[in-house]
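K.L.:
Numbering (my numbering), first residue to last: 14 to 204.
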């Protein structure tokens, strides 16, 4: 049988863990559902699109010593069709949570599933879009080269890549700048 800690929604998870570092971000259902208890596995597995159990992340220094606890024992379920916001002050673990869900970071402990896959399973990323605050584009490439590069990373055939590159450049209105290096793009153009 699940313990009380396993079944309680993480809305009460502290933002401060006593060390001044972030705990779980403010993660709660609407006020009308406040206090609702979460039963792991109670909903149909296909209804749950994001699930975290005891998800924690501690960043370590060069020598492997604990440095910053960014996320502490997050329990969370998000269901299909649900609108969900991740809110909290700076340092509360919002970005870390997203990166853990995307498989961009390894958790220190706990587990996470997205769209039925373990968070580190890259197959789920075919169905997810992520726009980080900072653009991680290669500044010396132009728009067409950048899109071609990412198409190659996903093993897209050359003929499909060429057509898709042209389609996407037209769709976002960058045909006029398609051969300009990305370093010359504004922040909006880069996104």
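Glycine included, C-beta positions come from ideal geometry on N, C-alpha and C.
1) Going by beta-carbon coordinates alone, are residue 195 and residue 157 separated by less than 8 Å?
2) Measure the alpha-carbon distance for residue 151 versus residue 197 and round it to whole angstroms.
3) Alpha carbons only, please: which of 160, 172, 166 is nearest the one belonging to residue 188?
4) So what does DSSP say about residue 162, is it helix, strand or coil?
5) Looking at the secondary structure, which residues open and close the alpha helix (DSSP H) in which residue 124 lies?
6) Report the residue from 83, 75, 74 whose alpha carbon sits nearest the alpha carbon of residue 122.
7) Hey, how far is the Cα of residue 79 from the Cα of residue 162?
8) Would you kindly work out how many angstroms separate the C-alpha atoms of residue 168 and residue 130, rounded to a whole number?
9) Between residue 114 and residue 132, which are expected to be in contact by the criterion C-beta below 8 Å, what is the C-beta distance as a whole number of angstroms?
10) For residue 117, which residues from the same chain have a beta carbon less than 7 Å from its beta carbon, with the 5 sequence-adjacent residues on both sides left out?
11) Have a look at residue 177 and residue 67 and give me their C-alpha separation to the nearest angstrom.
12) Alpha carbons only, please: which of 127, 111, 70, 180 is nearest the one belonging to residue 100?
13) Grouping DSSP H, G and I as helix and E and B as strand, with all else coil, what is residue 201?
14) Residue 184 to residue 77, Cα distance in whole Å?
15) Looking at residue 64 and residue 165, is the spacing between their C-beta atoms short of 8 Å?
16) Shortest alpha-carbon distance to residue 204 belongs to which of 173, 147, 153, 170?
17) Determine which residues share a DSSP beta bridge with residue 132 and list them.
18) According to DSSP, is residue 147 part of a helix, a strand, or is it coil?
19) Tell me whether residue 74 sits in a helix, a strand or coil according to DSSP, three-state version.
20) Give the DSSP-derived three-state secondary structure of residue 68 in the structure shown.
P.N.:
Inspection of the coordinates gives the following:
1) no
2) 12 Å
3) 160
4) helix
5) Looking at the DSSP string, residue 124 is not in any alpha helix (DSSP H); the run it does join, the beta strand (DSSP E), is 122–127.
6) 83
7) 36 Å
8) 20 Å
9) 5 Å
10) none
11) 40 Å
12) Selected option, being the one with the closest Cα: 111.
13) helix
14) 46 Å
15) no
16) 147
17) In the DSSP output, where bridge partners are listed per residue, residue 132 has none listed.
18) coil
19) coil
20) It is a strand residue.
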